[in-house]
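In this note's numbering, the protein residues as written are 718 to 1083.
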């Protein structure tokens, strides 16, 4: 068993550890500082993950816990809602959970976001642990303390910044992940290299075959690299007032495309085409080379992610960007690239530039 610990800080003070390992065997050691003896523990998970890993987590929880219960809700983004949160509140109240008890978020981003939001608001704050089981949640949503639920068709419109007490990442669970979900996670992984680390980006390029085959050592390097990048950004800007916006590279158009496609495309696929669109705008502005654009496209393709998309409705996509929660006084904070590994925030990207980028994605422009 291989185990590494990455500590996340705020104002140079340790806030929570990220345990990176390849099994659940060290889970008791990781949770020891939480002092679960005599406390109630609620495992929050979805109907898919419960079948695979719920019993394993229950096995490693201390027998001295006062009570261990599980809340299982139907899998799917459509259940990441305030209605599900309300049902979870009622469940916790019926089981007499107090501020000293703990929630365990066992699952992907939907489970983690919903559990974190519930933890941030139940009794004005209760501890929670992230146990991410998808690549996307291991490299992105479980790190940084952003929680939230969807409101109608608008993603993560209701939420809070609330840090977990622990993030426990077991890369062995990625072996059971469907290919489409694994590829989706790689969308965020490639994005991390694009915005922050040319060395990480080049490592992904050299080792894409091992990563795609889900070699355990390669997976640990992927998750570790992305966690270190996200940690560095989050520590500098924990509440997304400035630098943290760089993590939204590809998301402005990506989220809009995701909504316009009625969420039929994976999140990572939408991020990939959004990144390509942003990189194309960067080329047109003379800040990014065409060779680098082609490199980005090639790397996304290595992981089965799209770089072009047909049947787009630009008017609807551009309208959706107007509801982007990252807007500032009606101005979109668009993320562009100077070079691989160096991104910057730009507030001057026009709707015409975005429309032209959508034209590039659909093959109408070069």
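Cβ atoms here follow ideal geometry from the backbone N, Cα and C, with glycine treated the same way.
Fewer than three pairs of CB atoms, one per stretch, sit closer than 8 Å, so the region 770-781 makes no contact with the region 916-929. Assigned with DSSP and collapsed to three states, residue 780 falls in coil, not helix or strand.
Scanning the region 771-851 from its first residue to its last, the whole alpha helix (DSSP H) runs of 4-plus residues come out as 772-777, 799-811 and 826-838.
Contact annotation: residue 805 and residue 790 have beta-carbon atoms nearer than 9 Å.
Across the set 765, 768 and 761, the C-alpha of 761 shows the shortest separation from the C-alpha of residue 785. In the three-state scheme derived from DSSP, where H, G and I count as helix and E and B as strand, residue 860 is classed as coil. DSSP places residue 970 within a helical segment (H, G or I) once states are collapsed to three. Look at the beta carbons and you see the region 1004-1016 touching the region 1051-1063: at least three pairs across the two are nearer than 8 Å. Only exposed fits residue 930, as fewer than 16 other CB atoms lie within 10 angstroms of its CB.
Here residue 913 carries a helix assignment [DSSP, helix/strand/coil]. Closest in alpha carbon position to residue 782, among 725, 814, 788 and 904, is 814.
If you draw a 10 Å sphere on the C-beta of residue 755, you find fewer than 16 other C-beta atoms in it, and that means exposed. Beyond the five residues adjoining it in sequence on each side, residue 1082 comes within less than 7 Å, by CB distance, of 1073 and 1076 in the same chain, given in chain order. Taking the C-beta atoms as reference points, residue 1023 is found nearer than 9 Å to residue 982. Annotation note: the region 989-1075 contains the following uninterrupted alpha helix (DSSP H) runs of length 4 or greater, listed N- to C-terminal: 1007-1019 and 1031-1038. The C-alpha of residue 811 lies about 34 Å from the C-alpha of residue 737.
If you draw a straight line from the Cα of residue 817 to the Cα of residue 966, it is about 38 Å long. Fewer than three Cβ pairs drawn from the region 876-888 and the region 985-1001 lie within less than 8 Å of each other, which leaves the two stretches out of contact. In the DSSP secondary-structure assignment, residue 724 is bridged to 734. In the structure shown, residue 930 falls within a coil segment according to DSSP collapsed to helix, strand and coil. Nearest in C-alpha terms to residue 727, of all of 1078, 949 and 1050, is 949. The count of Cβ pairs closer than 8 Å, one atom from the region 903-916 and one from the region 743-759, stays below three, leaving the stretches out of contact. Secondary structure of residue 958 (DSSP, three-state): coil. For residue 888, the closest of 819, 849, 901 and 823 by C-alpha to C-alpha distance is 849. Residue 981: not part of any beta strand (DSSP E); DSSP gives it neither H nor E.
Excluding five sequence positions before and after residue 901, the CB atoms of its chain that fall closer than 6 Å to its own CB belong to 853, 983, 984 and 985, given in chain order. Taking the Cα positions, residue 739 is about 43 Å away from residue 1048. Residues 856, 906 and 909 of the same chain have their beta carbon placed closer than 6 Å to that of residue 943, with the five preceding and five following residues left out of the count. Nearest C-alpha to residue 913 among 721, 1062 and 723: 1062. In terms of Cβ geometry, residue 847 and residue 799 do not form a close pair [threshold 9 Å].
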